[in-house]
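Per our numbering, the sequence shown starts with residue 26, numbered consecutively. For every residue, glycine included, the Cβ atom is placed at its ideal position computed from N, Cα and C. Quick caveat: nothing in here was measured; it's all calculated off a predicted structure. These notes concern the structure reproduced below.
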Amino acid sequence: MILRFRRHHFLCSLGFQGKGYSEAFTANMDAVVNGRLRAPQGAAEEIEVVAGADAICAPCPERRGEGCAKQARIDRLDAAHGAALGLAPGDRISWGDALARIRARVQPGDLARICKGCGWLELGLCEAALGQLHAGEG
Ligand code: SF4
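Structural data, given as structure tokens:
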């Protein structure tokens, strides 16, 4: 089944290191990221960009139907990441092409701006993953 991602979850998936908002959230994200995107054929995974709750949001304790308890912050992240990546709801892109797009359009250090307000930013895991992608290790 095709994956559905809201705009800011492309970079969150790149940076995922097994941490999440709850046990169920983390297990689901592990299945999506490690089970599909980082699998041997993961680059070919097709992803549809959506405006609301997606494959990663599904078991999140903050999800409220198609929305989020932190909607304003999520909207801001989606807008910033969508602008950075040139992606809008309704677009389709493979994970491999998404990685190429991240590499071309998001430079090391950019997350401090486009991820502003995200609680995971200060851990540095996402910035480290972005650096590895640029170094050709992603
Ligand atoms: S800092 Fe937050 S919004 Fe940015 S990529 Fe990481 S988890 Fe996603």
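Contact annotation: Ala108 and Arg29 have beta-carbon atoms that are not nearer than 9 Å.
One residue list follows from the rule of a beta carbon closer than 6 Å to any heavy atom of the ligand SF4, given in chain order as His33, Leu36, Cys37, Gly40, Leu102, Leu136, Cys140, Cys143, Trp145, Leu146, Cys151.
Burial state of Ser38 is buried, judged by a 10 Å Cβ sphere holding 16 or more other Cβ atoms.
Across the structure, His106 and Ile139 are spaced so that their CA atoms are roughly 6 Å apart.
For Glu71, the enclosing beta strand (DSSP E) has its first and last residue at 71-75.
DSSP places Ile81 outside any beta strand (DSSP E), giving it a letter other than H or E. Under the DSSP definition of a beta bridge, Arg88 partners with Cys93.
Here the C-alpha atom of His33 lies approximately 11 Å from the C-alpha atom of Cys82.
The continuous alpha helix (DSSP H) containing Ile127 extends over residues 120-130. In terms of Cβ geometry, Pro84 and Ala123 do not form a close pair [threshold 9 Å]. Between Arg88 and Ile27, the C-beta gap is not smaller than 9 Å, which leaves the two residues out of contact. The Cβ atoms of Leu110 and Arg98 do not sit closer than 9 Å to each other.
It is roughly 23 Å from the alpha-carbon of Gly60 to the alpha-carbon of Gly156.
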